[in-house]
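Participant: These protein sequence lines are chains A and B, in that order. When we follow the working numbering, the leftmost residue of the first sequence carries the number 709, and every step to the right adds one. When we follow the working numbering, the leftmost residue of the second sequence carries the number 709, and every step to the right adds one. Glycine included, each C-beta is placed from N, C-alpha and C at the ideal position. In this text, all values refer to a predicted model and were calculated from it rather than measured experimentally. Have a look at the structure that comes next, please.
2 protein chains.
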Amino acid sequence: MAIREPEIITGKEEMRKWSRTMRAEGKTIGLVPTMGYLHQGHISLIKEARNHADLIVVSIYVNPGQFSPNEDLSTYPSDFSGDIHKLMSVPGGVDVVFHPHNLYDYGKIEVEVEDERERREKGQVVSCLEERRLGHETWVRVENLEKGLCGKSRPIFFRGVATVVAKLFNIVEPDVAVFGKKDYQQWRIIRRMVRDLDFGVKVIGADLVREDDGLAMSSRNVHLSPEERNKALAVYRSLSQAKSAAGNGQLNCRVLIDMVVQAINEAGGKTDYAEIVDQENLEAVEEINSPVVFCVAAWFGKF
Amino acid sequence: MAIREPEIITGKEEMRKWSRTMRAEGKTIGLVPTMGYLHQGHISLIKEARNHADLIVVSIYVNPGQFSPNEDLSTYPSDFSGDIHKLMSVPGGVDVVFHPHNLYDYGKIEVEVEDERERREKGQVVSCLEERRLGHETWVRVENLEKGLCGKSRPIFFRGVATVVAKLFNIVEPDVAVFGKKDYQQWRIIRRMVRDLDFGVKVIGADLVREDDGLAMSSRNVHLSPEERNKALAVYRSLSQAKSAAGNGQLNCRVLIDMVVQAINEAGGKTDYAEIVDQENLEAVEEINSPVVFCVAAWFGKF
């Protein structure tokens, strides 16, 4: 297995230039957007991307645009050198890690002065963009899909996700991008955004990857104590029970949801939501008679 | 002067394919988005685009996404064959006219059925997307700049403009796009969107073009009777007076605005708004001591 170090690019213009150069050479580019602190779930996304593109760009960027002030932006785990190390072990390797410092820093603002007698452009450094209302103010909204599930308790979350993904698509200009279905609503939102805004990017969903004991892999799992982690297995266990109950003919969603919520409660967790929704429009269904997905978010540990 | 007919492309995929082929050959592409019924103002945008790109795409599409139900979508003037004729007379010509039928028709929806035993994708024709909430629902909002001026009386207008321009950028993938400063707020919004979403497109503003008598060229001028048209000259006349008053030291915006509003009233027009705003953030200023622009919208004729 060849081990090679990915090229690390931090600048937007440099990133786009790399992509355009590669595309001009006929290469296709696959993008895997991440917030770092990589685990096997991310690696599976990268392997999936390898199936669809010649070159792989992994972005590592904790996007402040999707965190509310009361959320865990400051404690989001990170380990950049560990991430690079993990990426070097991916079969086929990763070509570029795009690791921008701040995607919302637009630095110098061009101020155009209009005057018929003297028309000129002058550059001007604006020390604080917000003072003159020159800060970031453009947001992509996927207006229905963003509302339910995670969007209920995190009202600006998907606005931030859709916007940063649009930015990454415009900077990296990939042919293909891979997202995990662990974040099912996010995956549906990105697909819808790509369709509605006609991005020339193919979006691929990759399956959730679980630890051996059944816990869905997630960077935030690091916050769980061994005991909390053990309790959190109630999510997978109860979901599996609900799935097999549905397979045996229990199609009433209320009954299935109660099974899961009760199991999470009994394990000492707090359910943010537990809903059975249509796979495409994410609307809650009462009885299963079309493709659905059971979406659960729950807190274990400090909450 | 070479006279050549532009290639007419109606499909999104065909359009993108053309652009990518040309770019792979090292050509740069300039886009001039229009709603058709072209006049010399549009032609000046195309000439400007010619200064910045090897190949020119003019899009002709009346975007329903920016019209409210009570607005003039159904009466917006159109003359496609006349437009093509005009484009043939542009020095250097136009390479492609992108003329889609409906940019919001996503046709067949891919429905993915999730099942661990039987994972497959199946295609399904959805006759009415709205029924299953599968219609267009992604919108780009430039949240501050969209609010004032035209945005006050047309609350969804700039949401629609920003969204369709994002779509056109993603379909045509131009290097450069030219917008008229006649629609000053639109121009600022598009520039901000491009900066904030990191589109790899350079946005160029082209000056307003006036008829010999001073009326700003606009496709909607066709709705004016000769008498109404004559009255509408009050806009340019009073703006010129305000400009020269400012040049002579009258920097109080209230005084300058009153001059213009009064002149429009006296000519029998109805002012939608008349504001002197900062050129960059479009906020109203009370006294002129930085680069400003005087923005006016007024109705003449039926209102």
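Given 8 Å as the limit, is there contact between the segment 941-950 of chain A and the segment 845-857 of chain B, that is, 3 or more CB pairs closer than that?
Facilitator: The answer is no - the segment 845-857 of chain B does not touch the segment 941-950 of chain A, with fewer than three Cβ pairs under 8 Å.
Participant: Residues of chain A with CB closer than 8 Å to the CB of B:Trp847, please, in chain order.
Facilitator: Val848, Arg849, Glu851
Participant: Give me the chain B residues within the contact set of A:Ile717, using Cβ-Cβ distance strictly less than 8 Å, ordered along the chain.
Facilitator: None at all; the shortest Cβ gap to chain B is about 14 Å.
Participant: With 16 as the cutoff for other CB atoms within 10 Å, does A:His750 come out buried or exposed?
Facilitator: buried
Participant: Is the beta carbon of B:Val802 sitting closer than 8 Å to the one on B:Lys755?
Facilitator: no
Participant: Which ranges would you report for the alpha helix (DSSP H) in the segment 943-974 of chain A if only whole runs of at least 4 residues count?
Facilitator: Fully enclosed alpha helix (DSSP H) runs of 4 or longer: 961-974.
Participant: Under the DSSP definition of a beta bridge, which residues are partnered with A:Arg918?
Facilitator: A:Ala924
Participant: Out of A:Glu995, A:Ala1006, A:Val1001, which has the shortest C-alpha to C-alpha gap to A:Ala971?
Facilitator: Comparing Cα-Cα distances from A:Ala971 to each of A:Glu995, A:Ala1006, A:Val1001, the minimum goes to A:Ala1006.
Participant: Please identify the residue among B:Thr846, B:Leu857, B:Leu932 whose C-alpha is closest to the C-alpha of A:Arg896.
Facilitator: Selected option, being the one with the closest Cα: B:Thr846.
Participant: Measure the alpha-carbon distance for A:Asn771 versus A:Val873 and round it to whole angstroms.
Facilitator: 10 Å
Participant: Could I get the ranges of all uninterrupted beta strand (DSSP E) runs contained in the segment 854-906 of chain B, with 3 residues as the minimum, in chain order?
Facilitator: Runs of beta strand (DSSP E) with 3 or more residues, each lying fully within the segment 854-906 of chain B, are found at 884-888, listed in chain order.
Participant: Could you check whether the Cβ of A:Asn778 sits closer than 8 Å to any Cβ belonging to chain B?
Facilitator: no
Participant: Output the boundary residues of the beta strand (DSSP E) element that contains A:Ile996.
Facilitator: From DSSP, A:Ile996 is part of no beta strand (DSSP E); its letter is neither H nor E.
Participant: Which class does A:Asp823 belong to by DSSP, given the choice of helix, strand or coil?
Facilitator: Here A:Asp823 scores only 42 on pLDDT, less than 50, and its place in the model is too uncertain to base an answer on.
Participant: In the structure shown, what three-state DSSP assignment does B:Pro1012 receive?
Facilitator: The structure shown does not extend to residue 1012 of chain B, since chain B is modelled only from 709 through 1011, so no value can be given for it.
Participant: Measure from the C-beta of A:Ile912 to each C-beta in chain B and report whether the shortest distance is under 8 Å.
Facilitator: no
Participant: Output the distance between the C-alpha atoms of B:Val930 and B:Arg937, rounded to the nearest integer angstrom.
Facilitator: 9 Å
Participant: Per the contact definition of three or more C-beta pairs closer than 8 Å, is the segment 884-898 of chain A in contact with the segment 857-871 of chain B?
Facilitator: no
Participant: Can you pull the chain A neighbours of B:Gly773, defined as C-beta to C-beta under 7 Å?
Facilitator: Chain A residues near B:Gly773: none, gap ~10 Å exceeds 7 Å.
Participant: State the Cα-Cα distance for the pair A:Phe887 and A:Ala954, rounded to the nearest angstrom.
Facilitator: 27 Å
Participant: Given a threshold of 16 other Cβ atoms within 10 Å of its Cβ, counted over all protein chains shown, does A:Ala732 qualify as buried or as exposed?
Facilitator: exposed
Participant: Please classify B:Gly689 as buried or exposed, where buried requires at least 16 neighbouring CB atoms within 10 angstroms.
Facilitator: Here chain B has residues from 709 to 1011 only, and residue 689 of chain B is not among them.
Participant: Would you call B:Ser752 buried or exposed, if buried means 16 or more other Cβ atoms sit within 10 Å of its Cβ?
Facilitator: Taking all protein chains in view, the Cβ of B:Ser752 is crowded by 16 or more other Cβ atoms within 10 Å, so the residue is classified as buried.
Participant: List the endpoints of the continuous alpha helix (DSSP H) containing B:Arg731.
Facilitator: 720-732
Participant: Starting from the Cα of B:Val909, find the closest Cα among A:Gly843, A:Lys735, A:Asn878 and give me that residue.
Facilitator: A:Asn878
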